[in-house]
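According to full-length UniProt numbering, the sequence shown is numbered sequentially starting from 1. Virtual Cβ for every residue (Gly too), placed ideally from N, Cα, C. This report refers to the structure that appears directly beneath it.
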Amino acid sequence: MEINFKNEILRLKKEKNSIILAHYYQRPDIQDIADAVGDSYYLSKIAKDCEENTIVFCGVKFMAESAKILSPKKTVLIPVIEAGCPMADMADADGVRELKRKHPSAKVVCYINSSAEVKAMSDICCTSSNALKIAKNLKEEEIIFLPDRNLGQYISEQIPEKKFILWNGFCITHKKVKPEELTKAKNLHPDILIAAHPECEKSVRDAADFIGSTGEIISFVNKSSNKRFLIATEEGVLHKMKLNDPDKEFYIPGGGMSCINMKKTYLKDVYNCLLNMEYKIELDEDLRQKAFNALSNMHKLGG
Ligand code: 13P
Ligand code: SF4
């Protein structure tokens, strides 16, 4: 007999006192069975405050790792252990140590898209929704920002009085967007509004009407009275947008924007995850505590 994954997931979820969190880039059927869907910051808040014993994190590894850092007593599971973030893998602890040695008076701000080791070496974390607020609120003039050079450059442009030392990391999915694709859309539909994630390159950000995190882009589109939008971020966000506004028209630059890692999770994986209670995120306690400080500083300063 064929398994009804949706029903089984809902049954197991209750039986195992767990909560399912899903990022906006997840497949629509995963977003539909989740208890909470959101951007990185929103999901990290839920992971920190939820009451369930187990968190099933449908996203990529740094997100599940952040949940474990914030909620060490809970069991944190990721359905697909190979779902990583290539940008997070671009920064390493040795490189951060070297930068800190070269710039001893700088504060280290790391994007949540980073490993626990990198977080442990950082003063404070940020997400795309609070990076600017955090950088502004720091009293230090010098900031080492990693790993995303695009988000770093975007916030540095808005605080010219501070000196930014940027790591040379980037998102392979957002890097694919070309400014010509935005111009083409504007030429075809002069009334179109372009919303872009700050992980896009400068030439793309400069051509956008709105820049924000996934959650902020969804909210911008929902609040706008405009009819057409070009969305320059991973196409998973369209699911929520279409549910919110079925009459609006959505366009994606080029041939589409899909993060292969975010798309690795299927309903079958979530079912197996709950059934077998795997894959568990485990962290060395000393490392976790150091990484916790950076994440907890983000919740204090960037909330
Ligand atoms: P958000 O913080 O906007 O959810 O983005 C996470 C991410 O991985 C973007 O590529
Ligand atoms: Fe990482 Fe980019 Fe995928 Fe976000 S979209 S998880 S930054 S690879």
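Outcome for residue i when other beta-carbon atoms lying within 10 angstroms are tallied against a minimum of 16
i, result
"M1", "exposed"
"residue 312", "No answer is possible for residue 312: it lies beyond the span of the chain, which begins at 1 and ends at 303."
"N150", "buried"
"N7", "exposed"
"S225", "exposed"
"residue 304", "Nothing can be reported for residue 304: it is not among the residues displayed for the chain, which extend from 1 to 303."
"T183", "exposed"
"E282", "exposed"
"Q158", "exposed"
"D39", "buried"
"I218", "buried"
"L43", "buried"
"N113", "buried"
"P160", "exposed"
"K14", "exposed"
"E249", "exposed"
Beta carbon of residue i nearer than 7 Å to that of residue j
i, j, result
"residue 315", "L70", "Lying outside 1 to 303, the shown extent of the chain, residue 315 is not represented and no answer is given."
"Y41", "S129", "yes"
"P79", "C273", "yes"
"R228", "I192", "yes"
"I9", "E52", "no"
"F5", "L188", "no"
"F62", "A88", "yes"
"M298", "C125", "yes"
"P253", "E199", "no"
Any non-hydrogen atom of the ligand SAH closer than 6 Å to residue i Cβ
i, result
"E52", "The model depicted lacks the ligand SAH and carries the ligand 13P and the ligand SF4 instead."
Cβ separation of residue i and residue j, assumed to be a contact under 8 Å, to the nearest whole Å
i, j, result
"D209", "A195", "7 Å"
Minimum Cβ-Cβ distance from residue i to chain B less than 7 Å
i, result
"C126", "Chain labels in this structure do not include chain B; a single protein chain is all it has."
Worksheet item: Taking contact to mean at least 3 C-beta pairs separated by less than 8 Å, is the stretch 201 to 208 in contact with the stretch 130 to 146?
Response: no
Worksheet item: Does the pairing of the stretch 79 to 88 with the stretch 135 to 144 give three or more beta-carbon distances under 8 Å?
Response: no
Discussion item. List, from N- to C-terminal side, the alpha helix (DSSP H) runs of 4 residues or more that fit wholly inside the stretch 258 to 296.
Written reply: 267 to 276
Fill in: Within the stretch 137 to 219, ranges of the beta strand (DSSP E) (whole runs, at least 3 residues)
142 to 146, 163 to 166 and 193 to 196
Worksheet item: What beta strand (DSSP E) runs, 3 residues minimum, are completely inside the stretch 80 to 131?
Response: As far as the stretch 80 to 131 is concerned, its whole beta strand (DSSP E) runs of at least 3 residues are 107 to 111 and 124 to 126.
Discussion item. At 3 residues or longer, what runs of the beta strand (DSSP E) sit wholly inside the stretch 48 to 83?
Written reply: 54 to 58 and 75 to 77
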